[in-house]
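FYI, the working numbering numbers position 692 of the sequence shown as 2129, with every residue one higher than the one before it. Cβ atoms here follow ideal geometry from the backbone N, Cα and C, with glycine treated the same way. The structure presented is a predicted model; accordingly, all values stated were derived computationally and were not measured. Remarks on the structure that follows.
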Amino acid sequence: MAPEVKLHVYGDFNQRNADFIFDAENQSILLPVIGENETLHFLFDNIAHSGLHQINHVKSQENSYLDLFFTNTSEDFCVNESLTPLWKNETCHTAIEYSIFAHNYTAPIDWEYEEVPEYNKTNFEEAKRRLRTINWQNVIDNEGNVDLLVQKLYAIINTIISETVPTRRKRRNHSSKCPLWFNPQLTNLKNRKQKAHRTLKLNNNASNLKYYQDICEELYSAINAANEEYNRKVESEVKSCPKNFFNYVKSKSKSNNFPSQMYLDENVGNNPQEICNLFAKFFKEVYTSFSEADRDREYFSFIPEYSNDISVNPLSENDVLTALKNLDASKGPGPDGIPPAFLKNLAEELTLPFHHLFNMSLKTGIFPEIWKQSFLVPIFKSGPKSDVRNYRGIAILSCIPKLFESIVNEKIFQQIKTRITCKQHGFFKGRSTSTNLLEFVNFTLNAMHNRNHVEALYTDFSKAFDRIDIPLLLFKLQKIGIEPRLLTWLMSYLTKREQIVRFQNTLSETIHVTSGVPQGSHLGPLLFILYVNDISFILKNIKVLVYADDMKLYIEIKNANDYEVFQNEINLFYTWCSKSLLQLNIKKCNSITFSRKSQTPNIVISLGNQAVEKCKIVTDLGVILDSRLTFVEHYNTIINKANSTLGIIKRFAYNFQDPYTIKLLYITYARPILEYCSIVWNPYFVVHEERIESVQKQFLLYALRKLNWTVFPLPKYEARCMLIGIESLKERRALFCKRHFLHSKKH
């Protein structure tokens, strides 16, 4: 199977009516802003269908994108403004340099092998029998030493794993040149063909030629059969688990290997261990350490003090059993090497020791040291793959501590949710990005209806979750009502944590985490929203909406004095950020005026002594808002992205025979793009409804292609929807609105 072809198209564009904005998910890709221009709609819709993206970030001297750089990949390239002009006296056109990075991937000469456990083949009956014979009373009788009990429990589990889980020998760093569907029969036929070809070259006679032709025909037939069988297997797997589709796409694309040489500023790594340590050095930069002099606890005297009544009572066995049975078996193991699937299948047998261990941890206020370790895996974002700064770290925690903290998190949340500001819509059941945006858009539309306008400030924090000051967090938790024993446990949970970067079977030096809440945890998000919860007590003369660390401050401007009120409140907000030891990334903060008047005052907002950039378009929690709240740019963007996703499905699922498999991929990957927060931007004009609906029409033509239409013209769109069992997007949006109205009326 040939790798996916990487296509690069570049040339002059010279369309000043088109603008671009950054894709929030991939900063190397630009999404078109094309307004009502039908020609540009046609152009960019078809480009998206081909799976191409604009990647040129360089504007002309007239502040326009006059050059196109379209590609179907988002990595291994770099577009920069050239320091050398193409010719003298150039006034409007900027020379551009386009670099494509080609990396040398070197395989080790001496292959290394490792024994890999196959948990899906575990003898669970034997494992259950072994666990039932253990006298847990003798194991847990250790005079309250939590760390010792954890060591004993891991020793038992690891012994059972070694005796009930089979292993297989796997080659490390193995990257086969053969496609995934290649089998030993094909390898044998391929070798026989090469041998027959050598024999034919040495002795070109009719017998040798006939033998060579027969071998070729047999090989080609076997290749076609193996390929078809592989495609049928993939199609079957996609039906049961749609996420397998993108594993299939990866198998047809180029290898996901890292470059053999990577760099961090002036430092260069030439082997996996050196590169691994570069990642560790980069990820370590995120964490901060503050002195006691930096913490101004007196400033937070405005926070109401609650009675210390938030506690976690001893857990019941049912709490633990339910949590074990609800584990996601598809997840992989963490640093302790124990996967969730193993624990889930042994839920009833492990409930008793886990129940005792968790309660002992809460009683003593000690979170075991081994549970504070996590792996960091570098994930590529965008830009040159050789640059370590173009990666972000994903934390992988062990399953047992995540299971424990998920139970504790639920217990704390149920007691403390009434003390969390209603302005916080993140990590809160019953609230979402939709509720956040609805509140803001309704406020803005009402202001416009009153012939006023709205000034809004969108803020951005630098690594907010990783830079929270732990002593200040504990201080705020105490004020909001966390009782002392639970506070001691939380301090143990948050402090002395360690991370190790895992890169190509190598491990980095240990990173000591000095700030922040744990990545990938259940408790981390709740602790963060409690840390920023007091923002609602500061801003009393303007509105504020929060989604995790995304904050927007806004006010309805009725007269000139309101601008001064807004700036004064922003000054209070800036002081609060400083006292909370949160660092604002002012370059990524921006302000916008929402108005449908022909003219509005151009007021510059400042954070500290720095002016905030004024813009006409903002991306608010994934929805693009223009200054007139027409949502036209949002329609253009989601159509473009959905077409692009549909293009990927069409290119890689062309061998699939069942239209219902194609439907599953469409409703899993493409349709959600067209429906995300649709209750906020539901189109008013028919032209926008039809353009959004056109994506689903394209899908239907593709998915139903196997029906071999003989009647023309084709059935109407509504009939095609009924044929495959799908509603129109307009009908679904109406249903979403109705459900939201009934839910709001109920509550």
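- Assigned with DSSP and collapsed to three states, P1621 falls in helix.
- Setting aside the 5 residues that flank it on each side, S2165 is surrounded in the same chain by E2130, Q2133, Y2154, E2155, C2158, each with a C-beta closer than 8 Å to its C-beta; the list follows chain order.
- When secondary structure is reduced to three states using DSSP, I2076 falls in the helix class.
- Of the residues I1837, L1783, T1801, F1817, the one whose Cα lies closest to the Cα of K1809 is I1837.
- Scanning V1954, G1918, I1917 for the CA closest to the CA of K1933 turns up V1954.
- Under the DSSP assignment, G1830 falls in the beta strand (DSSP E) whose first and last residues are 1828-1834.
- Take the alpha-carbon of E1806 and the one of S1798: they are about 11 Å apart.
- Counted as a single uninterrupted DSSP element, the alpha helix (DSSP H) harbouring Y1667 occupies residues 1643-1677.
- Secondary-structure assignment with DSSP links D2057 through a beta bridge to V2060.
- Rounded to the nearest whole angstrom, the CA to CA distance from F2068 to I1972 is 30 Å.
- Counting C-beta pairs closer than 8 Å gives fewer than three between the segment 1816-1830 and the segment 1762-1775, which falls short of the contact rule.
- Taking C-beta atoms under 8 Å as the contact rule, I1533 and T1508 fail to qualify, at a distance of about 14 Å.
- Annotated three-state conformation of D1756 is helix, per DSSP.
- Residue environment for I1905: buried (at least 16 other C-beta atoms within 10 angstroms of its C-beta).
- The alpha-carbon separation between R1888 and S1677 amounts to approximately 53 Å.
- Comparing alpha-carbon positions, the option among N2080, Y2121, I1577, S1748 lying closest to Q1915 turns out to be S1748.
- Contact annotation: A1784 and L1752 have beta-carbon atoms that are not nearer than 7 Å.
- Secondary structure at Y2113: coil, using DSSP grouped into helix, strand and coil.
- By the CB criterion at 7 Å, N1560 and W1618 fall outside the cutoff.
- According to DSSP, Q1852 shares a beta bridge with no other residue.
- DSSP places I1740 in the coil class of the three-state scheme, outside both helix and strand.
- Each residue's CA atom was taken as its position, placing S1871 and G1863 some 11 Å apart.
- If you look at R1939, you'll find it in the beta strand (DSSP E) that goes 1934-1940.
- Contact between V2049 and I2023 is confirmed by a C-beta separation of about 7 Å, below the 8 Å threshold.
- In this structure, DSSP gives R1732 a state outside helix and strand, which the three-state scheme calls coil.
- With a cutoff of 7 Å on beta-carbon distance, A1778 and Y1556 are scored as near each other.
- Between the segment 2027-2035 and the segment 2052-2066 there are three or more inter-stretch CB-CB distances shorter than 8 Å, so the stretches are counted as touching.
- Around E1655, the same chain offers L1626 as residues with beta carbons nearer than 7 Å, after the five sequence neighbours per side are excluded.
- Under the three-state reduction of DSSP output, D1702 falls in the coil class, being neither helix nor strand.
- L1967 places its beta carbon 7 Å or farther from that of F1727.
- For K1913, the secondary structure class from DSSP, reduced to helix, strand or coil, is helix.
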